[in-house]
Amino acid sequence: MAGKIQIPDELKKDLPQSTWGKILGATPIIMTVIATMLAGLASSEMTKAQYDRAYAAQLQSKAGDQWGYFQAKKLRSALAQNSFDLLAATAEVPVLTAANLPGASEVTVNALVKGEIPASQPAVFSDAIKAALSALESSQDETVIAQKLAGVKPEALQAALVDAENAADAFDNATQSINKDSDRLDNELMQGDKSVFRGFSAARLRYSASRYDREARLNQAIASIYELQVRQNNVSAEHHHRRSKNFFFGMLAAQLAVIVSTFAIAAQKKSLLWSLAAAAGAAAVSFSLYVYLKV
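Numbering-wise (numbering that gives the first Met the number 0), the sequence shown opens with residue 0 and increments by one.
Rendered as structure tokens:
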């Protein structure tokens, strides 16, 4: 049978005998663990901030694409309208009838003869998103836009973006048959009566001006939602950045506690190793403060 384990007297002398001694002995270890945890949290928050910044940059690029479509379609709308006005002012434009559009669908006839383009249903946004969009469109300060977005969840903005994209797709699908009919009629009527072709060309220009203007507004809605997402992600990045900085300060405080407790143990035990550890910790904290304040 194994004998009872005996702790040497020399080791017993080094063991803390009082509650305060036990706390003093455990403090460097506990604070080291806390400092490590805070360092991990600071790094994690900084990573989240960097991710939000990168995602905001991607969203800004997508918003730029939509603004490009908006500008191009507004320009096409203006050109079509100007061409229509010029044609009407310089030549006699006969009245176009359904009989002049052989094989055209009813929706094409309504668009070209009556000037009735398919109805588009714009996306319906919540009051909070409408308020943020209003602040964005009126070029208010970024802090005001951020305040308007404070109560809007990212999921709600993403749902609004999907609705805006669906509205644009629905209008595009509704006009596809008109566009195909117009292309076909353009080739057919060009070879026939020039007066009829002139009336058709004027009607097509008028339709194109209205269509491009409607599409531009739909693209503007998509671009505006992207802009709100950019600002929301920037606000989130700032939030994570502040948390990272605060966790970093907490880590410095924990390291300082490690150094103080290590100095206390070194003074009590008069140990060279404890003194070296305390000096290394003090150097680490000092260097961190120097980097933060000077570099």
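Just so it is clear, CB atoms sit at the ideal spot from N, CA and C, and this is done for glycine as well.
Residues near residue i in its chain [Cβ-Cβ closer than 7 Å; skip 5 each side]
i, result
"Phe246", "Leu37, Leu40, Ala41 and Glu44"
"Thr96", "Val112"
"Gln80", "Ala208"
"Phe196", "Leu188 and Met189"
Counted within 10 angstroms of its Cβ, other Cβ atoms place residue i as buried (16 or more) or exposed
i, result
"Asp180", "buried"
"Gln231", "buried"
"Thr142", "exposed"
"Ile28", "exposed"
"Lys147", "buried"
"Ile4", "Unreliable positioning characterises Ile4 in this predicted model, as indicated by a pLDDT of 48, which lies under 50. A coordinate reading is not provided."
"Ala134", "buried"
"Asn218", "buried"
"Met250", "buried"
"Asp64", "exposed"
"Gln254", "buried"
"Val257", "buried"
Span separating the alpha-carbon of residue i from that of residue j
i, j, result
"Leu14", "Phe248", "Low per-residue confidence applies at Leu14: pLDDT is 46, beneath 50, and the placement is therefore not dependable enough to give any value."
"Ala202", "Gln70", "23 Å"
"Ala222", "Thr31", "49 Å"
"Ala169", "Ser119", "7 Å"
"Lys72", "Ala149", "33 Å"
"Asn99", "Asp162", "38 Å"
"Thr35", "Ala252", "12 Å"
"Val94", "Leu58", "47 Å"
8 Å Cβ shell around residue i - same chain, five flanking residues per side excluded
i, result
"Asp171", "Glu214"
"Val151", "Ser125, Ala127, Ile128, Ala131, Leu227 and Gln231"
"Ala260", "Looking at the sequence shown, residue 260 is not Ala but Ser. Leu23, Thr26, Pro27 and Met30."
Alpha helix (DSSP H) segment containing residue i, residue limits
i, result
"Gln157", "Pro153 to Leu188"
"Gln146", "Glu141 to Leu148"
"Asp315", "As shown, the chain starts at 0 and ends at 294. That puts residue 315 outside it, with no answer to give."
Cβ neighbours of residue i in the same chain (closer than 6 Å, five flanking residues each side left out)
i, result
"Ala145", "Val234"
- Message: Ignoring anything shorter than 4 residues, give me the alpha helix (DSSP H) runs that lie fully in the stretch 53 to 121, in order along the chain.
- Response: 105 to 112
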